[in-house]
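Residue numbers (our numbering), protein chains in the order written: chain W, 15 to 454; chain E, 46 to 400; chain F, 47 to 310; chain L, 3 to 297.
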Amino acid sequence: MKHAATRIGFLALLAGAALAPRLSAQEQFIPMPSYRVGPYAAGGTGVFGGFIDYLDMLNLRDKGINGVKLTWEECETEYKNDRGVECYERLKGKGPTGAAVFNFLSTGITYAVIERATADKIPVVSIGYGRTDASDGRVFPYVFPLITNYWSQNTAKIRFIGMKEGGMDKLKGKKIVNLHHGSAYGKETIPVLDLQAKKYGFTVTHIEVAHPGNEQESQWLQIRQLKPDWVILRGWGVMNPVALKTAAKVGYPRDHIIGVWWSGAEEDVEPAGEAAIGYIAAGFHPSGTDFPVMKEVQKYVYSGGHKGNLEDLSRFGKTYYNRGIITGIINTEAIRTAQAKFGKKPLTGEQVRWGLENLNIDDKRLKELGAVGLLQPVKASCKDHEGGGAIKFQQWDGKKWNVITDWIPSDQSIVRPMIEESAAAYAREKGITPRDCSKE
Amino acid sequence: MIYREAGQFQTTYSGDMRIFPIRQDRIAAGLLLGIAFLVVPFVGNDYWFGAILIPFLILSLAALGLNLLTGYAGQISLGSAAFMAVGAFAAFNLMLRVQGLSVLLAFAGAGLVAAGVGLVFGLPSLRIKGFYLAVTSLAAQFSIEWVLTRFPWFTNHNPSGVISAQKIVILGLRFDTPVRRYLLTLAIVALLALAAKNLVRSRVGRAWMAVRDMDVAAEVIGIPMLRTKLTAFAVSSFYCGVAGALWAFAYLGTVEPQAFDLNRSFQILFMIIIGGMGSILGSFLGAAFIVLLPILLNVATHALLPASVSGSLTSNLELIVFGGLIVFFLALEPHGLARLWQIGKEKLRLWPFPH
Amino acid sequence: MERSERIGDVILSVEGVSLSFGGVRALDDVSLEVREREICAVIGPNGAGKSSLLNVVNAVYRPQKGVVRFLFKGVERRPTHPQAAARLGIARTFQNIALFKGMSALDNLMTGRYLKMHSTLLEQALYWGRGQREEIRHRRKVEEVIDFLQIEAIRKTPVGRLPYGLQKRVELGRALAAEPRLLLLDEPMAGMNLEEKQDMCRFILDVNDQFDTTIVLIEHDMAVVMDISDRVAVLDYGRKIADGPPDDVRGNPKVIEAYLGVAS
Amino acid sequence: MDWSFFVEVLVGGLLAGVMYSLVALGFVLIYKASGVFNFAQGAMVFAAALVFARLREKGVGLLPAALLTLALLVAFAFGVEKLVLRPLVNQPPIALFMATIGLAFLIEGIAQGVLGAQVHSLDIGVSDVPIQVRGIAISKFDLFSAGVAAILVAALALFFSRTRTGRALRAVADDHQAALAVGIPLQRIWAIVWSVAGFVALVAGVLWGCRIGVQFSLTFLALKALPVLILGGFESIPGAIVGGLIVGASEKLAEVYLGPRIGSGLENWFPYVLAVVFLLVRPEGLFGERRIERV
């Protein structure tokens, strides 16, 4: 166990350690409020590992962004809201121009900092999590749930099921079970599902799994009684492998279980072993290493004696790691966009916000980035802070995830009104007057 | 200034029954409050107010509440966070549904609602004793959390079950900056701490301790068991409820029921054990230890360790050192930091003469 | 001689009380009358049911048979609960000290006055006006007891740290703080050295004639019992085998056989 | 009502309950002998499983891996006794309880720091397929776990009644003087108890690890053990088993038959409410010995 050895070495090294280097003027500071301990450490280490490695790659390959070196500092949040807020406050002022943009990888923390960040004029990016109705940029100028949010995902998922059934009209009379985690996150898609159930005439049963969900005997026995055509797995951490194992136990076909993207990482299926084979999960990006950008990271960060952020190289190209890579792409592209307007220098959060709002990663740009197929085209606007919304579905074969669909677009005709209604309610609650985007 | 009580004689009972009979203590306490109210607001910054002091004060308040119940009345509870949740959601709904209600009244209301719930879960305490009583508080912990997520009414039908607290405005004064919220929190916590101190040095406080130390003897003296225990539960829950309301309104701004999960309850319990059972001061020391130390360690590791050291390692180092320190301090003084402080003072009193 | 004149009417009458735990009989048809201002001693070998008798008197135990009646100023009361007994003005000490270990001697005594204090929770929280005045007023009362028992020096000491003899004294103080009409003392001198015993005897007698307190005490030390008590009741295996002035009891053959015989 | 379904839920619950009991056992052992509520038991389960899993990944055989892990746990137990229990001997139990909390942080930190935070799968060659018994599907793995639990309890029973050390442990549970009379120093006994608890943690960790993967969430199992302990009484091994069965069965039945009516997800609190009701009737727990208050 080589890593173990080096780690133990470091444990000893604590006492006589050197001081971290100071920041210089031509640097853009990006805070890293990560979590590397506790129940969700697998996700935290993976995503922030990819995020940091991508920034590292940019620094090594082309001296940062247009010559502006990227710097960052980690702060352990332990996935707790109060620790997250502390990290936010601690890091927001770092660097010559302050924090450029925050990514918390936690819905709870994102919620907790929205008002602070808006007051401090620092954008908060939440890719695939966070406050869904923040997609309405008129009410939430500083919050960017980019690429896709839970509700969009859910509509895409119903579309996928429709495809499988051979047309949306075939959904009529079908039975779907929504097996969700017993938390705010878990309950979030209940309204959008009910809405679609009405629209397409299928019945949906919501079954809750109490946190942490390491025992699901009763839920799956219920499911077996219901004999649903499909089960949507809105899981979290340990709940996912347990769900698959228990499904196998009661003999429910795994290829009719469709997970959300927080149930779609290797960490979610590997512990289930055999039981996970055939299971389908949504994702706004695939796993795997055969994308030019991954090769670049491999080349610059993990060769020539340079050590990347991953301790366990086998995680390179895994789902969480790739999610970190695209997080890196989105953030840095926003900074690049902003630099085009404000000049090639370290930028303030407010300037980066403009960059995010005018972010436009088209197919051409994707090709340049070497991320075709890894990332969908993203175009944000003052009105729409989501800017994507399409989903790919992948199936687990026992070894790896195989993408089984192309990008399946979400049904904004359902999602958008819900978002605007919810955002408007928030605006009323807070006395916010939404921006007029025609003036932006 | 040397710490001496020589030459100080109490000539009146009222003098002898003051919170700080010794002059130096009075001066020290006065100074501390003076600094907290008059100096800190000018020297502190947003980080200190918004991320360190406010949560520290709020959790101290919660710890104080639990200490009244567990430390003084001897009724163990693992559900303090649930009562914080009740407070937070009660305050939110009061503000939401009662037109033009003053925030302070909403906080008081939140405390009372929590006290009411606390009473209910306190009832079994007459029959169930010792560690077994923990189960009732655990029942409270989980069922309350469940109820708050189960019924959307409590969150005003927010799709993600999160409440975002209303603005704090008192007599037209907006508490929208960290420093103002800090002062508000400090004022509330200081007042409630004083009230707690008064309670534990009067009749009801003595009754609590009597029940804790020797319930049969207490009964023979004429102390009504159920009423005394229930008072403890109610008062304790009141404190936790106000703390929860502050957590939502003065600190985070938005909270979900999961913010008050079992871990929070345990965190608060740790505070009073490390700080000192049956000690007002201990509640604050304990909160400082449990809240501030991990942050301090996090800052320290990032300052000391070279950037090359992996984040995972530093994060785990923090855990290890934190755990180690807990064990170390307990080995040093099993009765908590407050006792350590007290012993230190007694030593200082006798200094330089050992006997 | 004028002691006998001080002694008034019956204020406590235990009538045909039987008590048993499971199969074990602790008290078997015991009757006892105690008169106002009397010092009545209950003696008997270990396990004779002495403590049980006291526990029945202040309603810690409920007897299966018989009644316990109090006649204060002609009004009859039958307390069914220790608190009720306390409200009637019955205070007691315990065989193995039952002080509130975590509190100072002073607070233990203040706790003794619980029933005499009435300020509301809010008044106590504010510690202002009535709340504070009440505390001070009762502190004054308690200080009288402290002076009486000569424990000024240990006022603020946590009772856990006190030596055994002093703890016994503080426990007596806690009982006295309640200004009881009837004081039940369960082996107040057990495990004391000679001078501690003498002090305790003096306190008991002083309490009796300064505060007119009626006293029922359990004691092993014959000498003590014989010279402080007006009347002695003897229990043996849960039954009362003798009751009367010390000298009669001393002469009673049953007692000598059952108890003193064993002792000497 | 569908009886075969009811039976299925019941059986599933009982088997789940056995899994809870496995975790609860560790608590009972330590509480019995040292009167400490060991908050670190969950962390021990996690750490044991993690070490075992990593060894397996390195290609170490089942038995050697188990033995190596066990050796580590024993060393740990002796370390704990020396560094944590001894300084706190004769201190209020609450202080010891808190110390074990510090211990939990230590274990979690070291385990994750040295062995990483990834999720590991674990397979000991027992597949988790259902077998049909009179039309009722029962998981093979669950039956296996139940068997292991039974053997474990039997082994512990023998250990406590037959061996000299075991009897000494029982003596300690009753009173410490007696233990000294038996002639085994208290320190040794505590170290041994913690080792045994470590062994139980390993068994629980491996079985649970196979079920849900070896990951941090294993520490949460302590929560499931709590109501079991409270129902069964902290000092009783049979209590832990029976308590587990009651909790498992009741929560499953509640979830299936109550859930649809008053809302699902009540599994988490139902056992506690049950325990409260139960304790109101019998305050000393299922197997805890009744204490008479002497005045």
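Positions of the beta carbon are idealized from the N, C-alpha and C atoms, including for glycine.
Over the uninterrupted beta strand (DSSP E) stretch that includes residue i, give me the two end residues.
| i | result |
| --- | --- |
| F/Arg115 | 111–118 |
| W/Lys43 | Residue identity check: residue 43 of chain W is Phe in the sequence provided, not Lys. From DSSP, the beta strand (DSSP E) with W/Phe43 extends over 41–46. |
| W/Gln409 | 406–410 |
| W/Arg442 | Counting along the chain, W/Arg442 falls outside any beta strand (DSSP E), though it belongs to the alpha helix (DSSP H) covering 426–444. |
| W/Arg248 | 244–248 |
| W/Gly273 | 271–273 |
Taking CB distances under 8 Å as the criterion, tell me whether residue i reaches chain W.
| i | result |
| --- | --- |
| E/Gly368 | no |
| L/Val11 | yes |
Where do the N-terminal and C-terminal ends of the alpha helix (DSSP H) with residue i fall, by residue?
| i | result |
| --- | --- |
| W/Cys101 | 95–105 |
| L/Leu64 | 64–82 |
| E/Arg311 | One detail in the question is off: residue 311 of chain E reads as Phe in this sequence, not Arg. Start and end: 307–320. |
| F/Cys247 | 240–256 |
Using a Cβ-Cβ distance under 8 Å, would residue i count as near chain L?
| i | result |
| --- | --- |
| E/Tyr117 | no |
| W/Leu235 | yes |
| W/Lys321 | no |
| E/Asn112 | no |
| E/Ser281 | no |
| W/Asn95 | no |
| W/Asp326 | yes |
Given a cut-off of 8 Å, decide if residue j and residue i are closer than it, judged by their beta-carbon atoms.
| i | j | result |
| --- | --- | --- |
| W/Val115 | W/Lys359 | no |
| F/Thr203 | F/Arg227 | no |
| F/Val280 | F/Met235 | no |
| F/Ala72 | F/Leu65 | yes |
| W/Gly251 | W/Pro226 | yes |
| W/Lys189 | W/Leu235 | no |
| E/Gly289 | E/Met129 | yes |
| W/Thr85 | W/Glu129 | no |
| W/Leu160 | W/Thr346 | no |
| L/Gly202 | L/Leu117 | Residue identity check: residue 202 of chain L is Val in the sequence provided, not Gly. Cβ distance not < 8 Å, so L/Val202 and L/Leu117 don't count as in contact. |
| L/Phe107 | E/Ile371 | yes |
| L/Ala45 | L/His122 | no |
Determine whether the Cβ of residue i lies closer than 8 Å to any Cβ atom of chain E.
| i | result |
| --- | --- |
| W/Ser48 | yes |
| F/Met272 | no |
| L/Trp196 | no |
| F/Thr157 | yes |
| W/Arg442 | no |
| W/Leu37 | Bear in mind that the predicted position of W/Leu37 carries a pLDDT of just 44, short of 50, making it unreliable; the figure below should be weighed with that in mind. Answer no: the Cβ-Cβ gap between W/Leu37 and chain E never drops below 8 Å. |
| L/Val86 | yes |
Check whether the Cβ of residue i lies closer than 8 Å to any Cβ atom in chain F.
| i | result |
| --- | --- |
| E/Leu77 | no |
| E/Ser247 | yes |
**Request:** With a floor of 4 residues, list each alpha helix (DSSP H) that falls wholly inside the region 163–207 of chain F, ordered by position along the chain.
**Result:** Listed in chain order, the complete alpha helix (DSSP H) runs (minimum 4 residues) inside the region 163–207 of chain F are 167–172, 176–195.
**Message:** Counting only Cβ-Cβ distances shorter than 9 Å, please list the residues of the region 284–295 of chain W near chain A, keeping chain order.
**Reply:** The structure shown contains no chain A; the protein chains it does contain are W, E, F and L.
**Item:** contact_flag[the region 58–75 of chain L, the region 198–214 of chain L] where n(CB pairs < 8 Å) is 3 or more
**Value:** Yes, the region 58–75 of chain L is in contact with the region 198–214 of chain L.
**Request:** Could you tell me whether the region 220–237 of chain F touches the region 163–173 of chain F, using the rule of 3 or more Cβ pairs below 8 Å?
**Result:** No, they do not touch.
**Asked** Three or more beta-carbon pairs under 8 Å between the region 248–259 of chain L and the region 72–87 of chain L, yes or no?
**Response** No, because fewer than three Cβ pairs between the region 248–259 of chain L and the region 72–87 of chain L fall closer than 8 Å, the two stretches do not touch.
**Message:** Can you confirm whether the region 96–105 of chain F touches the region 231–250 of chain E when touching is taken to mean that 3 or more C-beta pairs between the two stretches lie within less than 8 Å?
**Reply:** As far as the Cβ criterion goes, the region 231–250 of chain E does not touch the region 96–105 of chain F, which means the pair count is below three.
**Prompt:** Mind pulling the alpha helix (DSSP H) runs of 4 or more residues that sit fully within the region 74–146 of chain E?
**Reply:** Counting whole runs of 4 or more residues, the region 74–146 of chain E contains the alpha helix (DSSP H) stretches 85–88, 99–111, 125–142.
**Prompt:** In chain order, which alpha helix (DSSP H) runs of at least 4 residues are fully inside the region 185–227 of chain L?
**Reply:** Counting whole runs of 4 or more residues, the region 185–227 of chain L contains the alpha helix (DSSP H) stretches 188–214.
**Message:** Is it the case that the region 262–281 of chain W contacts the region 145–155 of chain L, given that we only count it when at least three CB pairs across the two stretches are under 8 Å?
**Reply:** With the cut-off at 8 Å, the region 145–155 of chain L and the region 262–281 of chain W do not touch.
**Prompt:** When the Cβ atoms of the region 93–107 of chain E are set against those of the region 91–109 of chain W, are three or more pairs found closer than 8 Å?
**Reply:** At 8 Å Cβ cutoff, the stretches touch.
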